[in-house]
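*Asks:*
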Amino acid sequence: LATVPGQDGGTELNSYHHFPTETAFFGTSDYREPMVLVRGIDGFSSSELLYQGYDILSEKPKICGMPSSTGGETLVIHISDTRSTLTCDLYYTVWGDCSVIARRAVYTNKGADRLTLERAYSFSLSLGERNYNAVTLYGAWANERHIQRTP
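Position in the sequence shown (first residue = 1) + 1157 = our numbering.
Rendered as structure tokens:
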């Protein structure tokens, strides 16, 4: 059973950078590139987004005012900042007929005080130490899709 770093009885691995997480955040011993940077009116910018619950939707909700795909069962993971009034809903949509996962993040300030989002990415990716290849498709007009693999 995983526990929150710093609150798990003093194990050797007591820092977020030792654990794969759904989000990386700033100022709490997580040394990965943060997914979100939030600053309060007092200038405080440390955050800690922790799991609060989830919902499963039978269909992907539309994104108001933007083009988006339809259909697909959707998992919504609710996380909230322990240090501010910021909440985030992480939407994961899957379709049974193809190997695609759509992901988006919706940030909300649940408090009366102003928060400034200095960074609000839709995801962060935490990969363990393994031998990976980065595959890029570079090119230019009429000369597209040159496959390059980099260990």
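The C-beta atom is built at its ideal place from N, Cα and C for all residues, glycine as well.
Pick from D1246, P1308, V1195 and E1286: whose alpha carbon is nearest that of L1272?
*Replies:* For the residues D1246, P1308, V1195 and E1286, the minimum Cα distance to L1272 belongs to V1195.
*Asks:* Quick check: the Cα distance between V1251 and K1219, rounded to an integer number of angstroms?
*Replies:* Cα-Cα distance, rounded: 14 Å.
*Asks:* Taking only the alpha-carbon atoms, compute the straight-line gap between A1159 and I1258 and give it to the nearest angstrom.
*Replies:* Any reading at A1159 needs caution, since the residue's pLDDT is 48, under 50, leaving its predicted position unreliable; the model's value is listed next. Approximately 25 Å, taken between the alpha carbons.
*Asks:* What would DSSP say about N1266, mapped onto helix, strand or coil?
*Replies:* DSSP places N1266 in strand when its eight states are reduced to three.
*Asks:* Mind reading off the beta-carbon distance from L1207 to T1239? Whole number of angstroms is fine, and I expect it under 8 Å.
*Replies:* Indeed they touch by this definition, with Cβ atoms about 6 Å apart.
*Asks:* Excluding the 5 residues preceding and the 5 following L1214 in the sequence, name in chain order all residues of the same chain whose CB lies nearer than 6 Å to its CB.
*Replies:* Answer for L1214: T1231, listed in chain order.
*Asks:* CA-CA distance, R1189 and S1203?
*Replies:* Approximately 14 Å, taken between the alpha carbons.
*Asks:* Going by beta carbon distance, what residues of the same chain come within less than 6 Å of A1291, once the five residues before and after it are set aside?
*Replies:* The residues are T1307.
*Asks:* Is the separation between the beta-carbon of A1262 and that of M1192 shorter than 9 Å?
*Replies:* Yes, the Cβ-Cβ distance between A1262 and M1192 is below 9 Å.
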